[in-house]
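*Asks:*
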Amino acid sequence: ALEAFGPSGLTVTDRLCLDAGASTGGFTDVLLRAGASHVIAVDVGYGQLRWELQQDPRVTVMDRTNVRSLKPVDLEYRPQLIVADLSFISLTLVLPALCACAATDADQVLLVKPQFEVGRGEVGSGVVTDLGLRAKAITDVAAAAAELGWGSVGLCASPLPGPKGNVEFILWLRPGGLTVPTERIESVVSQGSPWVRD
Numbered sequence: 023a024l025e026a027f028g029p030s031g032l033t034v035t036d037r038l039c040l041d042a043g044a045s046t047g048g049f050t051d052v053l054l055r056a057g058a059s060h061v062i063a064v065d066v067g068y069g070q071l072r073w074e075l076q077q078d079p080r081v082t083v084m085d086r087t088n089v090r091s092l093k094p095v096d097l098e099y100r101p102q103l104i105v106a107d108l109s110f111i112s113l114t115l116v117l118p119a120l121c122a123c124a125a126t127d128a129d130q131v132l133l134v135k136p137q138f139e140v141g142r143g144e145v146g147s148g149v150v151t152d153l154g155l156r157a158k159a160i161t162d163v164a165a166a167a168a169e170l171g172w173g174s175v176g177l178c179a180s181p182l183p184g185p186k187g188n189v190e191f192i193l194w195l196r197p198g199g200l201t202v203p204t205e206r207i208e209s210v211v212s213q214g215s216p217w218v219r220d
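Now the structure itself:
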């Protein structure tokens, strides 16, 4: 995701970051390797972050923390870059907290997982195969962000499949701006071609 949007202006170097849903630290590690100055690794679980990341002075571990209830006062800084890889909850429910905590010039890179956005009744065996439902998941998250004052500036399909082969998407947000044009969402979902706002 960071590589896909890098040429379009998404930067990591020297930025203060937050990894929402850090788990074992995949995104945290990527951020540090890309030059992040510090990462707050937040997860509702406990002790999952890889040991070497727990010991890294550039990492602050916030275990047993529900991202949905995060407040700026809980954090040692307002993050300039937020990444989110969350499961079993819709991004529309956590965006208010993430947006409230973010720095005024922040970027957010969110992993949109249709299986957690479209509702249990639409998932069936756990895999969202309907292209219309995948598009709706992205549309709903982008619309929720827009209502909070965050515009969509990039969208691409995740290069890695989710559980059970679910196709997931990476949405890049910035303060202000517009949501993703419907035709662009449909193009990304059906053809996999990434979109970045001009």
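Okay, so the sequence shown: first residue is 23 according to the numbering used here, each after it adds one. Note that the Cβ used here is the ideal one computed from N, Cα and C, for glycine as well.
1) So, under 8 Å CB-CB, A157 and T114 are touching, yes? Tell me the CB distance rounded to an integer number of Å.
2) Kindly provide the ranges of any alpha helix (DSSP H) runs that are 4 or more residues long and lie completely inside the region 62 to 141, ordered along the chain.
3) Going along the chain, which residues of its own chain have a beta-carbon closer than 6 Å to the beta-carbon of I160, five neighbours each way excluded?
4) Which residues in the same chain have their Cβ closer than 7 Å to the Cβ of K186, if we skip the five residues on either side of it in sequence?
5) Cα separation between A106 and L38?
6) What are the residues that DSSP puts in a beta bridge with V218?
7) Quick one: is R196 buried, meaning 16 or more other Cβ sit within 10 Å of its Cβ, or exposed?
8) With A42 as the anchor, note down where its beta strand (DSSP E) starts and where it stops.
9) Rounded C-beta distance between Q137 and G184? I'm assuming under 8 Å.
*Replies:* Straight from the coordinates:
1) As a working note, residue 157 is residue 135 in the sequence shown. As a working note, residue 114 is residue 92 in the sequence shown. In fact, because the Cβ distance is near 15 Å, the residues do not count as touching under 8 Å.
2) 73 to 76, 113 to 123
3) On the sequence shown, residue 160 is found 138 positions in, with the first residue counted as 1. Hits under 6 Å: V134, F191, I207.
4) Numbered from its first residue, the sequence shown carries residue 186 at position 164. The residues are G148, V149.
5) Numbered from its first residue, the sequence shown carries residue 106 at position 84. Numbered from its first residue, the sequence shown carries residue 38 at position 16. The straight-line gap from Cα to Cα measures roughly 15 Å.
6) In the sequence shown, residue 218 corresponds to position 196, counting from 1. BP columns for V218 point to G176.
7) By one-based count along the sequence shown, residue 196 stands at place 174. Buried, because 16 or more other Cβ atoms sit within 10 Å of the Cβ of R196.
8) The count along the sequence shown starts at 1 and reaches residue 42 at position 20. From DSSP, the beta strand (DSSP E) with A42 extends over 38 to 42.
9) The residue given as residue 137 occupies position 115 in the sequence shown. The residue given as residue 184 occupies position 162 in the sequence shown. About 7 Å; that satisfies the 8 Å criterion.
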